[in-house]
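2 protein chains.
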Amino acid sequence: MAQKPSIPKGTRDFTPEQVAKRNYIFNTIQKQFELYGFQPIETPSFENSDTLMGKYGDEGDRLIFKILNSGDFLNKVDDKLYSKKDSNAITSKISEKALRYDLTVPFARYVVQHQNEIEFPFKRYQIQPVWRADRPQKGRFREFYQCDADVVGSNSLWQEVEFIQLYDAVFTALKLEGVTIKINNRKILSGIAEVIGASDKLIDFTVALDKLDKIGEEKVKEEMLEKGISKKGIEKLQPLFTLSGSFNSQVVQLKSILNSSEEGKKGIEELEFIDKAISELGLQTATLKLDVTLARGLNYYTGAIFEVSAPEQVQMGSIGGGGRYDDLTGIFGLKDVSGVGISFGLDRIYLVLDELNLFPETVTKNIDLLFINFGDKEGLFSLKAIKQLRLNGVNAELYPDAAKMKKQMNHANKRNIPFIVLVGEKEMETESYTLKNMVSGEQVKLSLTELISKFE
Amino acid sequence: MAQKPSIPKGTRDFTPEQVAKRNYIFNTIQKQFELYGFQPIETPSFENSDTLMGKYGDEGDRLIFKILNSGDFLNKVDDKLYSKKDSNAITSKISEKALRYDLTVPFARYVVQHQNEIEFPFKRYQIQPVWRADRPQKGRFREFYQCDADVVGSNSLWQEVEFIQLYDAVFTALKLEGVTIKINNRKILSGIAEVIGASDKLIDFTVALDKLDKIGEEKVKEEMLEKGISKKGIEKLQPLFTLSGSFNSQVVQLKSILNSSEEGKKGIEELEFIDKAISELGLQTATLKLDVTLARGLNYYTGAIFEVSAPEQVQMGSIGGGGRYDDLTGIFGLKDVSGVGISFGLDRIYLVLDELNLFPETVTKNIDLLFINFGDKEGLFSLKAIKQLRLNGVNAELYPDAAKMKKQMNHANKRNIPFIVLVGEKEMETESYTLKNMVSGEQVKLSLTELISKFE
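Those protein sequences? They're chains A and B, same order as listed. Position one of the first sequence corresponds to residue 19 (the working numbering), numbered consecutively onward. Position one of the second sequence corresponds to residue 19 (the working numbering), numbered consecutively onward.
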């Protein structure tokens, strides 16, 4: 008996409508990337295992999909090791390649491998799928696209300014107005930790602070106490919990907290530069907001930290994020290359646009015109017209069989084709085309020239 | 010590220039697909192993990349089987998923799985990577893109007519003029085998005939004799070796060979229908040619067989192929769904376009304008202009640091940026922009409006 077909859990088939909507997002982002001077690269779907392993922590290592070696793969496993029947120990002997887990590590590998061909600063974007052996759940997949833009080889804060504008440009182009671009700086977090005497507890401190939105001030303080941050230190934090007002006035308040920390002051200086530039340049539809609780992948970022929230009317986590990191390529032996980058959460952006009904109608239309098939002679006559239509950019096709009229009409309706064309004996004699609007039922007789000019 | 980075053999990194050129091919093909009424689908990169295994023959099964199960994968292997240390026997116990080997089997799986949502005839296209554990060699990769268009659920010969026009439309749009679209029909090959009394040796017969171009008439006859085809049968083939003249006159000669085979006559009838339609419709730059030696994947095809050759001045194998198959979805339990489809050989098309210098220059250009950075004030002034340029569709950027002029000019040259803009004190005072042509060295002072209208 034939198998009942299915796909692996956590993966998806995309229907024509879904592909069209996804491509609309990809193309819109891509266009803005290119206006901003970013260039595309692509890396292989699988990398050598040692390129990926050890770069994402133990949990990451477990979630990387490993590819089984071809041929007699057990041949390479010595009998002693084999006899232990230890999955962990045997993996590296029977698998040398693994599927990409994100785009960042392959990008770092690319930069190091191609460093002599690359002109720095190098602005690249990359839109490709990644794979993670995560437990599948709502909105979390084992195969999904990432979409990253990064600049490497430049310490300039203009890059941060550009990325904020780029976020604004992309979401404006997607007609998703009212997103909030939150910004913070690792140096500010370090500065605060220093001021409250918790420099050695930076991670614990930021993990707790990051929860302010969710659990509130009191619980955050409790957690900090539990983690060993002194009561006196926590008291110094008080102004943080009540930061308010404009970006600028918040910065003023932060300054008073951080006046004894060089690193903190540096962070403030960076924020001020960025805020001043963005104020002067203006954003089209997004808002820039200082959020001192924002930490994201703190170990990773060394300067600016970004996160984008969807407009308030939508319940959705962040739809983008990024920041500056100072040693991306060090893991592959190229030191002192500063990078800064952002990413877009494509699956979530898709959900937001769908919920707010922001996909343009034209995105999912397929063909404009279906020619009804009345037989071989009529079919050939129709295909000649269709050829001219296509040469003028009009999507058109002939129903493939001289089936019953009703069946052909049904086909047009099921595919949401807005117009059909009827070509019978009479039309062929007079070289005319009867165009029927499938919604209104209205019919009109046109010459080929008229038909083309109506749709091109 | 840091690892020296590399990628697995048979895979490729694509540089910005290569991605741009590949995207040009993808986009051009995609545009024609949509004009012809094809809709995109996408399927997961990996399928359940039992979806793929057994569909491509033993050799195919070996070349499929298998994904190792996550977690303690050896736990599921019983000790008795484990003790045999037999790679083949253990594979299905430690691997349940595998990377896509082509787009055809996943498409068949998709059609069966989604049959209730699909409106037939279903015209789909798919452009995605596939993976094969083949021995890497020149022009053969372990990861490469396939690009397929198929119609399922229609027996109409108009589909064959449409596919020939589609090939012509795509290669014309790519400016690759002079390709030859070769056509044959499985029924003609079966008919000939029947006439010469070798119906049971159809494969041997066609494999030998397929070599006519390479080894010549005598050797082909020798091989047929060796394979047990009778001398008398081979004599009846004589007219085949001297087939000449127009498509139509070759058909007349074929008819005389095949007048005793019903199947053969049916094949001729199909060819004649297609040839007549194409003659009436005309092709833009391609030529349709009958090639009775064309067999391709004969077991697979049941009607028309297509293959496209690059223009004669280029040494290259086929750059496309396809045909009609009558039971694509049967393997997954959906019977009697006829399909016909074509594919494009993307890597070879890339090589041909490169060799003939057919990529438009605009494909690989990145930004139009680099603003030289003279400091923070000038930078901000420049970014305001850049914002306006981008809103008008002009790719522009600011050099991120106020580095030495020479360094910034070098950067523009290395990235092949055609124009730079100089904004210093004077320009800021007069709200003007000095535009410098990097090739001619010519300089001109413009207002922002003039600058925009020059590049938009």
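Even for Gly, the Cβ is constructed at its ideal location relative to N, Cα and C. Just so you know, these numbers come straight off a predicted model, no measurement behind them.
Starting from the Cα of residue i, find the closest Cα among the options and give me that residue.
i	options	result
N266(A)	I201(A), A328(A), P62(A)	I201(A)
A403(A)	D354(A), S450(A), T347(A), N384(A)	S450(A)
G350(B)	T109(B), T61(B), D68(B)	Here residue 350(B) turns out to be Phe, not Gly, going by the sequence shown. Closest by alpha carbon: D68(B).
I286(A)	V197(A), E298(A), T305(A), D309(A)	D309(A)
L306(A)	Q164(A), R314(A), L289(A)	L289(A)
C165(B)	M423(B), I438(B), G338(B)	G338(B)
K472(B)	I221(B), L453(B), P23(B)	L453(B)
P124(A)	L261(A), R142(A), N317(A), S113(A)	R142(A)
A116(A)	I82(A), T46(A), N410(A), K94(A)	I82(A)
M446(B)	V457(B), G246(B), Q406(B), G397(B)	G397(B)
L299(B)	Q144(A), Q406(A), F32(A), A167(A)	Q406(A)
R342(B)	F181(B), S262(B), E114(B), S101(B)	F181(B)
F259(B)	V238(B), S279(B), K249(B), S63(B)	V238(B)
N45(B)	I145(B), L376(B), F32(B)	I145(B)
I15(B)	K103(B), K27(B), Y319(B), P23(B)	Shown here, chain B extends from 19 to 474; a query on residue 15(B) therefore has no answer.
Q48(A)	F362(A), Q331(A), S327(A)	F362(A)
Tell me which same chain residues have a C-beta within less than 7 Å of the C-beta of residue i, skipping the five on either side of it?
i	result
Q133(A)	L352
G157(B)	D365
R408(B)	A414
N203(A)	G285, E288, L289, G321, A322, I323
S172(B)	P139, S356
Once the 5 residues before and after residue i are set aside, which same chain residues still bring their CB inside 6 Å of it?
i	result
L301(B)	D186
E178(A)	I292, A322
L469(B)	Y451
T311(B)	L227, D228, L230
M427(B)	none
T347(A)	A126, V129, V130, V355
V462(A)	L453
K73(B)	V123
Tell me which residue opens and which closes the beta strand (DSSP E) that residue i is part of.
i	result
G357(B)	357-362
K307(B)	305-308
L258(B)	Here L258(B) belongs to no beta strand (DSSP E); instead the alpha helix (DSSP H) covers 256-259.
T452(B)	451-455
L387(B)	387-389
V439(B)	437-440
A295(A)	Not the beta strand (DSSP E): A295(A) falls in the alpha helix (DSSP H), residues 280-299.
Give the DSSP-derived three-state secondary structure of residue i in the structure shown.
i	result
G338(B)	strand
Q36(B)	helix
R204(B)	helix
D345(B)	coil
D168(B)	strand
S327(A)	strand
P418(A)	coil
V197(A)	coil
E161(A)	strand
S471(B)	helix
V462(B)	strand
L117(A)	strand
F377(B)	coil
R150(B)	coil
D228(B)	coil
R142(B)	strand
Locate the alpha helix (DSSP H) running through residue i, then write down its first and last residues.
i	result
N66(B)	Careful: N66(B) lies outside any alpha helix (DSSP H), inside the beta strand (DSSP E) at 64-66.
S110(A)	105-112
P187(A)	A small fix is needed here, since residue 187(A) is Ala in this sequence, not Pro. Counting along the chain, the alpha helix (DSSP H) containing A187(A) begins and ends at 176-191.
Y100(A)	97-101
V129(A)	122-131
F265(B)	265-276
Return the chain-ordered list of same chain residues with a C-beta closer than 8 Å to the C-beta of residue i, the five sequence neighbours on each side being excluded.
i	result
A421(B)	N391
T109(A)	K84
K245(A)	K219, D222, F223, A226
Counting Cβ pairs, one atom from each stretch, are 3 or more of them under 8 Å apart for the stretch 210-220 of chain B and the stretch 273-285 of chain B?
-> Contact between the stretch 210-220 of chain B and the stretch 273-285 of chain B is present, because at least three Cβ pairs lie under 8 Å.
Segment contact, 8 Å Cβ cut-off, at least three pairs: the stretch 376-392 of chain B with the stretch 46-62 of chain A = Touching, yes.
How about the stretch 86-99 of chain A and the stretch 119-137 of chain A: do they share at least three Cβ pairs that are nearer than 8 Å?
-> Contact between the stretch 86-99 of chain A and the stretch 119-137 of chain A is absent, because fewer than three Cβ pairs lie under 8 Å.
Taking three-plus beta-carbon pairs below 8 Å as touching, is the stretch 169-183 of chain B in contact with the stretch 241-255 of chain B?
-> Of all C-beta pairs linking the stretch 169-183 of chain B to the stretch 241-255 of chain B, fewer than three are shorter than 8 Å, placing the two stretches out of contact.
Assess, as a yes-or-no matter, whether the stretch 69-78 of chain A is touched by the stretch 398-418 of chain A under the definition of 3 or more beta carbon pairs within less than 8 Å.
-> Cβ pair count under 8 Å is below three, so no.
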